[in-house]
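Working notes, structure below.
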Amino acid sequence: MPWRLLRFALNKKHPEPRMFTFHEKLKASYDVVIIGGGGHGLSAAYYLAREHGITNVCVLEKGYIGGGNTGRNTTIIRSNYLTPEGVQFYDESVRLWQDLSEDFDLNLFYANRGHFTLAHTDSALRTMRWRAEVNKHYGVASEVVGPEVVKEAAPMIDITCAGHSPILGALYHAPGSVARHDAVAWGYGRGADQRGVEIHQQTEVLGIDVEGGKVKGVRTSKGYISTGKVLCAVAGSTPRILKMVDVKSPIYIHPLQAMVSEPVKPWLDPILVSGSLHVYISQSARGELVMGASLDPYELHGTRSTLDFVEGLTSHMLEMFPFLSNVKVMRQWAGMADMTPDFAPVMGKTPVDGFYLDSGWGTWGFKATPVCGKTMAHTIATDTAHPLITGFSLDRFRNYALTGEKGAASVGH
Amino acid sequence: MPANALAVSPVADIATLPDPSAQKAAVAKLGIADQSLTPRHGCKGPGAAAWLESLGLPIPPQPNSWLPVDGGGLIARLGFTEFLVEGPATLIARLANTPRSAGVYPVLRQDVALLLGGAKLDELLRQTCNVNFRPLDLATRPVVLTSMVGVGVTVIPELRNGQPAVRIWGDGSYGHYLWETLLDIAVELGGGAVAPHSFN
Amino acid sequence: MKIMTCPLNGPRPVSEFHYWGEVRPMPNPATASDDAWADYVFNRNGAPGLKKEWWCHTPSNTWFIAERDTEKDVVLKTYFYEGDQ
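Protein chains in written order, with the working numbering: chain A, 55 to 467; chain B, 18 to 217; chain C, 114 to 198.
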């Protein structure tokens with residue numbers, strides 16, 4: 055390291071500003087306590103402070119910021135869903151994403167790439183036509199394209215997929231994008247911190263006190279907090295928190311794994327997803343191929359990785375891109391996905407007064423980070439569900455009024 | 018031929034045989050033969066064992082074991098109440114044409130049936146299957162139900178001319194994939210496709 | 114590789130098995146209230162813990178029960194279903 059740089063680094067006159075203020079202690083009470091310092095929780099804190107003037111808020115994080123599913127997803131952003139509720143909700147999210155870097159004064163490396171969902175069967179193509187029509191009706195850019203368009207956008211693809219499952223067409227979604235996922239959490243965290251929100255990392259929630267059907271306080275590993283409003287935004291830990299307030303839900307946890315290859319020269323611009331082959335792939339700005347597959351096949355509350363996953367994913371990947379056979383896998387990891395029966399989230403108020411849920415984000419939560427924060431902040435501030443999330447309420451199950459997103463949520467379900 | 022037998026093997030169009038001298042060389046290392054056209058009968062249910070016994074067949078007492086049948090063939094017990102019978106066409110025709118008792122349900126057998134054997138068999142099994150066949154006691158006539166290159170299979174290990182061999186049954190719709198994959202490995206190991214009688 | 118022991122076929126890699134969720138008693142559909150039925154159809158015991166689960170060894174189609182710690186992914190025992198208790 056050059057001497058001048060080292061001297062600069064050691065000089066206390068020019069300290070590197072920290073992203074967040076470190077708070078020694080919790081206060082005795084807050085207006086709102088947010089459990090979970092991932093993108094969703096920090097985003098809710100940010101919009102509570104910025105749009106509703108509620109700043110006496112603390113965010114509790116068991117580990118470190120963005121260390122859960124925020125930092126474990128494959129960073130894909132899109133809004134080509136299947137139900138009217140889903141399309142409108144995710145479309146609002148994409149709009150928010152587009153201005154977010156400026157909003158934060160932080161480069162999120164938001165890159166608009168275009169997104170192809172490949173169809174290998176007639177029935178898949180039918181679902182895509184349906185999705186395209188719903189999307190267009192709500193002003194979202196989606197169209198069904200032929201295999202020649204896919205080949206032009208990704209010339210390295212074997213359009214027959216080794217002869218096993220030829221690509222018949224695709225749903226093309228021009229706004230499909232990727233972004234740097236950690237930066238999203240940092241941006242929201244810094245913005246919330248600057249507006250007075252306290253972020254407490256390494257602080258675990260041990261219990262939630264409910265009296266007469268109302269939230270009274272939160273017990274944490276760093277002491278007791280009294281509060282009337284709690285937001286639970288903890289993805290794979292949702293069932294544990296729900297147990298503390300004795301609320302039943304259909305949420306179940308399966309791990310979702312992903313992996314990246316060694317960096318290679320840029321060759322893949324769009325994001326490609328194949329439901330039949332259970333793969334999705336995009337190339338990051340660093341040149342790594344970011345790849346994912348379907349859920350792990352059984353319930354598990356842990357983030358171990360398996361060789362079965364790598365073998366299954368690479369065998370399908372090689373059907374699409376045989377030339378990748380010499381590319382090495384560099385890292386693999388897992389996150390705990392909070393799945394729901396209809397592949398739509400569970401958001402809003404609950405049977406416990408003052409206890410709000412932002413959950414059921416399964417394998418599709420990253421892209422919704424901005425709109426979740428915005429709508430949950432509104433829901434908490436006004437104690438009324440935001441109009442965009444009424445289709446995602448917990449009581450839709452009791453009323454047999456599901457919001458079926460299975461055809462558009464992710465791959466291999 | 019029984020009415021329910023296959024007219025054409027699921028791998029008929031790809032299981033071509035090299036000339037006899039090549040087959041003789043292959044079978045020493047690792048031969049792979051198609052036996053899909055052997056007549057067979059499947060049935061299951063709580064009444065299956067008693068019904069087969071009433072027709073004069075021996076019943077393997079242990080689940081996942083097999084017995085030879087007088088006059089040629091075998092009867093394999095797959096789990097508790099399911100059976101696979103292979104043998105002469107007359108025997109299979111009799112099973113297919115005899116009205117079934119209560120609690121006996123037919124199982125459609127459209128298997129791809131293969132016979133693999135040779136000195137390099139264990140190397141192939143280790144690459145394709147998670148079961149270690151070496152410690153199995155062949156005297157107990159074991160039947161192994163497992164997954165081979167991702168396909169659910171029934172396997173009977175045995176000795177043919179002093180060399181290890183396995184009989185494999187799998188769903189016929191996976192026939193091409195199973196044959197091509199196993200043949201590729203057999204060829205890598207110095208073996209290849211052979212006629213079933215090469216093992217005799 | 115994760116090993117699951119089928120009570121009939123013995124220890125095998127978990128890829129030979131299919132997971133079918135926790136063993137749950139079904140309320141009588143003729144007499145259950147709509148709420149009780151919705152609770153049975155949708156709600157799950159999602160928190161981690163020691164659970165009794167249905168598993169199937171797919172090559173042999175053998176269904177059985179596994180008692181498994183869903184936090185540590187440790188299978189404690191496997192056995193055949195012995196009816197509702």
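The beta carbon of each residue, even a glycine, is placed where N, CA and C say it ideally should be. No experiment lies behind these values; they were computed from the predicted model shown.
Check each candidate in the options and name the one with the smallest Cα separation from residue i.
i	options	result
Trp240/A	Thr423/A, Asp396/A, Met374/A and Ile131/A	Thr423/A
Gly90/A	Glu258/A, Val141/A and Glu70/A	Glu258/A
Tyr242/A	Gln311/A, Arg167/A, Arg104/A and Pro293/A	Arg104/A
Tyr118/A	Pro309/A, Arg273/A, Phe76/A and Ala82/A	Phe76/A
His254/A	Phe143/A, Arg234/A, Leu349/A and Gly277/A	Gly277/A
Ala216/A	Arg184/B, Tyr194/B and Leu153/B	Tyr194/B
Gly189/B	Val44/B, Leu162/B, Leu200/B and Gln127/B	Gln127/B
Gly389/A	Val141/A, Val198/A and His308/A	His308/A
Leu54/B	Leu23/B, Thr157/B and Gly89/B	Leu23/B
Ile285/A	Lys67/A, Ser97/A, Arg58/A and Phe74/A	It is worth fixing the name first, because residue 285/A is Leu in this sequence and not Ile. The shortest C-alpha separation from Leu285/A is found at Ser97/A.
Thr33/B	Arg177/B, Leu200/B and Gly104/B	Leu200/B
Arg125/C	Met117/C, Tyr132/C and Met139/C	Met117/C
Asn110/A	Gln248/A, Asn189/A and Glu342/A	Gln248/A
Gly346/A	Gly200/A, Met371/A, Glu197/A and Asn380/A	Met371/A
Quick check on residue i: does DSSP put it in helix, strand or coil?
i	result
Met114/C	coil
Gly466/A	Confidence in Gly466/A is poor, its pLDDT being 49 and thus under 50, which makes the residue's placement too unreliable to answer from.
Arg181/C	strand
Met139/C	coil
Val188/A	helix
Tyr410/A	strand
Tyr226/A	strand
Gln152/A	helix
Glu195/C	coil
Asn380/A	helix
Gln386/A	strand
Arg61/A	helix
Met73/A	coil
Met430/A	helix
Ile88/A	strand
Met374/A	helix
Lys165/C	strand
Ser38/B	helix
Tyr122/B	strand
Leu23/B	coil
Trp68/B	helix
Lys61/B	strand
Given a cut-off of 8 Å on the beta-carbon distance, is the pair residue i and residue j in contact?
i	j	result
Phe375/A	Gly402/A	no
Gly135/B	Lys46/B	yes
Arg450/A	Leu456/A	yes
Val121/B	Ala65/B	yes
Asp407/A	Cys426/A	no
Ala232/B	Leu155/B	Nothing can be reported for residue 232/B, as the shown portion of chain B is limited to 18 through 217.
Ala210/B	Pro35/B	yes
Asn156/C	Lys302/A	yes
Val344/A	Thr129/A	yes
Val314/A	Val87/A	no
Leu102/A	Ile434/A	yes
Glu178/A	His227/A	The residue asked about is misnamed: residue 178/A is Ala in this sequence, not Glu. Contact flag unset, no.
Leu282/B	Gly169/B	As displayed, chain B neither begins before 18 nor continues past 217, which places residue 282/B out of reach and without an answer.
Glu459/A	Thr137/A	yes
His218/A	Thr124/A	no
Ser133/A	Asp145/A	yes
Ala67/B	Gly208/B	no
Residue i versus chain C: which residues are under 8 Å apart at the beta carbon?
i	result
Thr163/B	Asn122, Arg125, Glu129 and Pro172
Ile12/A	This structure cannot speak to residue 12/A, because chain A is shown only from 55 to 467.
Anything in chain D within Cβ reach of residue i, meaning under 7 Å, just list it in chain order.
i	result
Thr175/C	Among the protein chains in the structure shown, which are A, B and C, there is no chain D.
In chain C, which residues lie less than 7 Å from residue i when you measure between Cβ atoms?
i	result
Asn149/B	Neighbours of Asn149/B on chain C: none; closest Cβ ~10 Å, over 7 Å.
Asp362/A	Ser128
Phe74/A	The contacting residues do not exist; Phe74/A stays about 30 Å from chain C at best.
Pro80/B	Leu121
Phe158/A	Simply none; closest approach about 34 Å.
Cβ of residue i within 7 Å of any heavy atom in the ligand FAD?
i	result
Ile131/A	The ligand FAD is absent from the structure shown, which contains no ligand whatsoever.
Quick one: list the residues of chain A neighbouring residue i, beta-carbon separation under 7 Å, in chain order.
i	result
Ala151/C	Phe451, Arg452 and Tyr454
Glu180/C	None at all; the shortest Cβ gap to chain A is about 13 Å.
Could you tell me which uninterrupted alpha helix (DSSP H) segments, each at least 4 residues in length, are contained entirely in the region 150-213 of chain B, listed from first to last along the chain?
192-205
Go through the region 252-305 of chain A residue by residue and report every complete run of the alpha helix (DSSP H) that reaches 4 residues or more, in order.
292-298
Taking the runs of the alpha helix (DSSP H) that are 4 residues or longer, which of them lie wholly in the region 321-371 of chain A?
none
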